[in-house]
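Undergrad:
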Amino acid sequence: MFNQTAVNRSFWRATAHTASYTKLGQDVTVDVMVAGGGIAGVLTAYLAAKEGKTVALVEAREVGGGTTGGTTAKLSAQHELIYADLLQTYGLDVAKLYYQANAEGLQLIRDLVKDLAIECDFEPMTSYVYSQKGKHARQLEQEAEAYKKVGAPGDVQQEMPLDIGRHLDTDSVLTMENQAQFHPVKFLNGVLHALEDEGGHIYQHTMVEDVQKRGDSFRVTTNTPYTITAKQVIIATLFPAMDPHSFYSNRLKPVTSHLLAFPSDKHLGGGMYISADDPKRTVREAWDGKRSYLLVGGETHPTGDSHSTEERYATLLHYAQQTFGTGDPVDYWSEHELLTPDRLPYVGILDEEQEGMYVMTGFNKWGLTNAGVSSKLIVDLLLGKDNPYEKLFHPHRSWSTETAGGSDANGNTAPSLTEQVKELAAGDAFTTEVEGKQTGIYKDDRGTVHYLDLSCTHLGCEVRWNDGDATWDCPCHGSIFSGSGEVLAGPAKQPLQRVKPPQ
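For the sequence shown, this note's numbering gives the first residue as 465, with consecutive numbering after it.
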């Protein structure tokens, strides 16, 4: 074991009493059934109940015991470096909508904390993305420019203003002001109590096994002898419990991150931090009512890979001790997430062939603010109301270079693919869609442009551009390809397939 004193448990679950609920013990008929007891499902169930719907919330294990109970608990629209990417790929309209959506998600949580008087260690906080090597200084500047275009509050600084930040030896820092952090399990407990006050039914250790349409309702069978009949069904489990035609399994990519909690003898000034450099590191403070703790996370990897998890925890421990002078951790745990190809969640109708079933998934490691806005979106769909984010998050969206762009900051349309290729620097690359397929575009040192299918030739996972090493890396099984698509490291044996350049 990497450390003999630490306990394998989430800090959040260790420092809050978790509400307990019974297993489904009778047949139930409701307007809405929500599967999934994380923040997305709980918020959706509560908002639906507030609208007068009868609601049943079911969780296969314990409420708050999954991703929400393992998160870093940052309430921020600063999702690493995303807005410049969205701006370049899809244009200002999409980038601005995504920022507004997550700002709205944060505001919903802020309002609920106040309106429901939830004691959950909610603190306004500045969020930081930092670079230590100079490698990402230009990307931070580009992201800051994107902030101005989408209306996000933040800018690039050269030094960290707080004690934690000064330990990080940064050379460039991108801020986003007016964000927040909280205790997610305490928050969930408060919303669950409010859901009960609204007449909601909550069941733990109740797994959805099948959903069948019966007339104008759905019959939900569970791992109990009992069923739930509902007019509308929301699947808010990490991976969708229902996956028609393997739509989601073909698109969602599971990743796992690891975290350690260290007791601290002094308050380090707050702030929420994540590195732009690899290996990624995330840092924040927390409080258990008696003392401060430093939470350090990272070592994100494809779920189920062959690398030793013990070694990953040991790597984080070494980093924390070298960087912050910590002692031994008290808790260590893993967090599991799902990634989508375009970095936008899948929220909306589960399957276009069947009305009345909805899904919330693929939050790309930023599930708290995304869950907030997604819960409002789903409830609007239940009620037949328009919502500005329906198209943005639609699971069956079809982006294209020609239609996804919108206008830039000057009111012009987003750069065409031809313009993007012309402006691409030698040795660099970007991803976009060409005729509906995710395509990598790389310009070599001779100026030759290579159009590549991003499906790994091993088992089809989507490779991603590594700007530090100028390679295409497979997040599933570790194959590495050169910028032009040649195999540098297996298990892949064949180069990336070429894509015909658009005419």
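Yeah, the Cβ is synthetic: ideal placement off N, Cα and C, and Gly gets one too. Just so it is clear, the structure is predicted and the values come from calculations on it, not from any experiment.
1. Just mark Thr912 as buried or exposed, buried being the case when its beta carbon has 16 or more other beta carbons within 10 Å.
2. Can Gly618 and Leu716 be called in contact, C-beta distance under 7 angstroms?
3. If you run the structure through DSSP and keep just helix, strand and coil, what is Ala956?
4. Within its chain, find whatever has a CB closer than 6 angstroms to the CB of Ala524; leave out the 5 residues flanking it on each side and keep chain order.
5. Please determine, among Met624, Ala480, Val927 and Asp707, the residue with the shortest C-alpha to C-alpha distance to Ile582.
6. Is Gly533 near Val649, with beta carbons less than 7 angstroms apart?
7. Taking C-beta to C-beta, are Val620 and Glu605 nearer than 7 angstroms?
8. What residue range does the beta strand (DSSP E) around Trp936 cover?
9. Using beta-carbon positions only, say whether Thr746 and Asn566 come within less than 7 angstroms of one another.
10. Hey, Thr482 and Gly761 are a contact pair by Cβ (cut 8 angstroms); roughly how many whole angstroms apart?
11. Alpha carbon to alpha carbon, what distance is there between Val719 and Glu801?
12. Can you tell me the Cα-Cα spacing of Thr790 and Thr590, whole angstroms?
13. Am I right that Ala857 and Leu847 are in contact with their C-beta atoms under 8 angstroms? What's the rounded C-beta distance?
14. I'd like to check one pair, Ala513 with Glu673: are the Cβ atoms closer than 7 angstroms?
15. Just checking Gly598 against the ligand NAP - is the residue's beta carbon closer than 6 angstroms to any of the ligand's heavy atoms?
16. For the stretch 777 to 790 against the stretch 807 to 816, are there 3 or more C-beta pairs whose distance is under 8 angstroms?
17. Whole angstroms are fine: how far does the CA of Asp908 sit from the CA of Gln961?
18. Could you tell me which whole beta strand (DSSP E) segments of length 3 or greater appear in the stretch 785 to 817?
19. Round the Cβ separation of Glu763 and Thr779 to the nearest angstrom and send it over; I've been treating them as touching at under 8 angstroms.
20. With distances taken between CB atoms, is the gap from Leu759 to Arg776 smaller than 7 angstroms?
21. Which whole-angstrom value is the C-beta distance of Ala601 and Asp633, which I expect to be below 8 angstroms?
22. How many Å lie between Gln696 and Gly891 at the Cα?
23. Please classify Ser484 as buried or exposed, where buried requires at least 16 neighbouring CB atoms within 10 angstroms.
24. Within its chain, find whatever has a CB closer than 8 angstroms to the CB of Val837; leave out the 5 residues flanking it on each side and keep chain order.
25. Is Ser839 near Leu539, with beta carbons less than 7 angstroms apart?
26. Return the Cβ separation of Gln552 and Phe894 in integer angstroms, given the expectation that the two are a contact with Cβ distance under 8 angstroms.
27. Between the C-alpha atoms of Asp752 and Pro743, what's the straight-line distance to the nearest angstrom?
28. Please state whether DSSP places Val649 in a helix, a strand or coil.
29. Using a Cβ-Cβ cutoff of less than 6 angstroms, which residues in the same chain neighbour Gln968 once the five nearest sequence positions on both sides are dropped?
30. Would you kindly work out how many angstroms separate the C-alpha atoms of Phe651 and Arg574, rounded to a whole number?
31. Report yes if the CB atom of Leu511 is closer than 7 angstroms to the CB atom of Gln603, and no otherwise.
32. Near Tyr712, what residues of its chain come up, given a Cβ to Cβ distance below 6 angstroms and the 5 sequence neighbours on each side ignored?
33. What alpha helix (DSSP H) runs, 4 residues minimum, are completely inside the stretch 543 to 626?
34. Please report the straight-line C-alpha distance between Trp830 and Asp585, rounded to a whole angstrom.
35. Between the Cα of Gln622 and those of Gln596, Ala616 and Ala644, spot the shortest distance and give me the residue it belongs to.
36. Since Asp674 sits in a beta bridge, which residues does DSSP pair it with?
TA: In terms of the structure at hand:
1. So Thr912 counts as exposed.
2. Judged by their CB atoms, Gly618 and Leu716 are not nearer to each other than the 7 angstroms cut-off.
3. Ala956 falls in the coil class under three-state DSSP.
4. If we look at Ala524 and ignore the five residues flanking it on each side, its Cβ neighbours are Met671.
5. Residue Ala480 is the option with its Cα nearest to Ile582.
6. Yes, these two residues count as a Cβ contact at 7 angstroms.
7. Taking a C-beta distance under 7 angstroms as the contact criterion, Val620 and Glu605 qualify as a contact pair.
8. Taken as a continuous stretch (DSSP letters only), the beta strand (DSSP E) holding Trp936 covers Thr935 to Asp937.
9. Pairing Thr746 with Asn566 gives a Cβ-Cβ distance that is not under 7 angstroms.
10. Actually they do not touch by this definition, with Cβ atoms about 21 angstroms apart.
11. Taking the straight line joining both Cα atoms gives about 5 angstroms.
12. Whole-angstrom Cα-Cα distance: 23 angstroms.
13. Residue identity differs from the one stated: residue 857 is Phe in this sequence, not Ala. Incorrect: roughly 17 angstroms between the Cβ atoms, too far for contact.
14. Against a cut-off of 7 angstroms, the Cβ pair of Ala513 and Glu673 comes out as no contact.
15. No copy of the ligand NAP occurs in the structure displayed, which carries no ligand at all.
16. Flag = no, the stretch 777 to 790 and the stretch 807 to 816 do not touch.
17. Taking the straight line from one Cα to the other gives about 17 angstroms.
18. Counting whole runs of 3 or more residues, the stretch 785 to 817 contains the beta strand (DSSP E) stretches 795 to 803 and 810 to 815.
19. Between Thr779 and Glu763 the Cβ distance is about 6 angstroms, and since that is below 8 angstroms, they are a contact.
20. Contact annotation: Leu759 and Arg776 have beta-carbon atoms that are not nearer than 7 angstroms.
21. About 14 angstroms separates the two Cβ atoms, so there is no contact after all.
22. Taking the straight line joining both Cα atoms gives about 51 angstroms.
23. Exposed.
24. The answer, listed in chain order, is Ala565, Asn566, Glu568, Gly569, Leu572 and Tyr853.
25. Taking 7 angstroms as the Cβ cut-off, Ser839 and Leu539 do not qualify as a contacting pair.
26. With a Cβ gap of about 7 angstroms, Gln552 and Phe894 count as contacting.
27. So the alpha carbons of these two residues sit roughly 29 angstroms apart.
28. Residue state, collapsed to three classes: helix.
29. Since the first residue of the chain shown is 465 and the last is 967, residue 968 is not available in this structure.
30. C-alpha separation (whole angstroms): 11 angstroms.
31. When the beta-carbon positions are compared, Leu511 and Gln603 stay at least 7 angstroms from each other.
32. Correct list, in chain order: Pro704.
33. Taking only runs of at least 4 residues, the alpha helix (DSSP H) segments lying wholly in the stretch 543 to 626 are 547 to 554, 556 to 579 and 601 to 614.
34. So the alpha carbons of these two residues sit roughly 19 angstroms apart.
35. The candidate whose alpha carbon is nearest that of Gln622 is Gln596.
36. By DSSP's assignment, Asp674 forms a beta bridge with Thr685.
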